[in-house]
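In the numbering used here, each residue's number is its place in the sequence shown (first place is 1) plus 12.
Ideal Cβ positions, reconstructed from N, Cα and C, are used throughout, including at glycine.
Structure record follows, encoded as structure tokens.
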Amino acid sequence: MIVGVDVGGSFTKAVALEGSNVIGLCTVLTTEPVAAVSGALGKLLSQVERPLREVEVLAVSGAGARFLGKSVLDIPVAEVDEIEAIGIGGLTLSGRDRALVASLGTGTALVVAHRNSTIQHIGGTGVGGGTIRGLAQLIIRRQNFEVLEELASKGDLRKVDLTVGDIAGRSVGIIPAEATASNFGNISEEAEEKDLAAGIFNLVGEVIGVVVSLAAKAYGLEKDVVLVGRLAGSKLI
């Protein structure tokens with residue numbers, strides 16, 4: 013059994029593989045890298061009901077991977093280049109031969125990947141899951157992602173964002189009337205926590221969406237976009 017671990021800036025994600033089959037997944041909060049990896053490994057092994065001795069190697073990537081050394085809990089560590097992991101992982105999971113792979117984590121990284129060819133890091137944005145947690149702490153004094161997501165799902169963006177229709181009364185050029193003209197540009201005195209949370213998710217989602225869309229067009233990959241990472245699984249992004 014091989015365990016892959018992504019030691020991210022906000023969360024540490026672990027996956028257990030038996031051959032090419034995924035047999036378990038888990039996520040823990042990243043505190044100190046070694047502690048986070050140890051915690052994720054323990055949680056994962058408990059989930060799949062397997063002993064520590066059956067783990068042959070820890071394949072690690074992410075911002076905290078460099079702090080792990082050559083072994084964790086006497087299991088050998090193999091560090092994998094993060095950009096290669098994003099590119100190859102995106103192609104493998106999607107079954108595509110080429111793609112723009114967007115890794116939605118604490119920030120957002122963009123990688124153009126071609127199977128059996130090149131893996132190219134083309135840029136990204138500092139806007140991502142860390143932005144959601146940071147702005148939420150600043151604005152509504154909350155940081156728990158699941159709580160924020162639940163709040164945001166009930167929010168009303170009309171109490172937070174300014175639309176093109178609010179300004180022009182109609183669509184403008186290629187932009188429909190309901191599109192956002194200004195994130196947080198229409199804050200109402202009646203806005204509640206849920207509305208502010210919705211505004212935060214919308215801001216982050218729209219920034220990522222625009223960046224990914226423009227990058228895909230620039231590389232001729234409009235029909236081959238793959239989103240990976242914890243934030244990609246959010247129903248609000």
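*For ARG242, is the classification buried or exposed, using 16 other Cβ atoms within 10 angstroms of its Cβ as the cut-off for buried?*
By the C-beta density criterion, ARG242 is buried, having at least 16 other C-beta atoms within 10 angstroms.
*If you draw a straight line from the C-alpha of ILE151 to the C-alpha of GLU205, how long is it?*
Their Cα atoms are separated by approximately 9 Å.
_GLY36 versus LEU122, GLY54, VAL219, ALA209, residue with shortest Cα-Cα distance_ = Closest by alpha carbon: GLY54.
*For the beta strand (DSSP E) holding ILE131, just list the boundary residues, first then last.*
131-137 is the extent of the beta strand (DSSP E) around ILE131.
*asked:* Looking only at its chain, what residues have a beta carbon closer than 6 Å to the beta carbon of GLY16, apart from the 5 residues adjacent to it on each side?
replied: Counting only Cβ-Cβ distances below 6 Å, and skipping sequence neighbours, we find VAL27, ALA71.
*If we count the other Cβ atoms within 10 Å of its Cβ and call it buried at 16 or more, is PRO45 buried or exposed?*
So PRO45 ends up on the buried side.
*Verify the contact flag: GLY36, CB atom, against every heavy atom of the ligand ZN, threshold strictly below 7 Å.*
Because no ligand of any kind appears in the structure shown, any question about the ligand ZN cannot be addressed here.
*Unbroken alpha helix (DSSP H) runs of length 4 or more, entirely within the segment 151-235: which are they?*
Within the segment 151-235, the complete alpha helix (DSSP H) runs of at least 4 residues are 157-165, 176-180, 205-230.
*Can you find a CB in chain D that lies within less than 8 Å of the CB of GLU201?*
In the structure shown, chain D cannot be found, because there is only a single protein chain.
_Give me the residue from ALA227, VAL238, VAL69 with the minimum Cα distance to LEU30._
Here residue 30 is Glu; the residue named in the question, Leu, does not match the sequence. Measuring from the Cα of GLU30, the nearest candidate turns out to be VAL69.
*8 Å Cβ cutoff met for GLY211 and VAL172*: Result yes, Cβ atoms of GLY211 and VAL172 sit closer than 8 Å.
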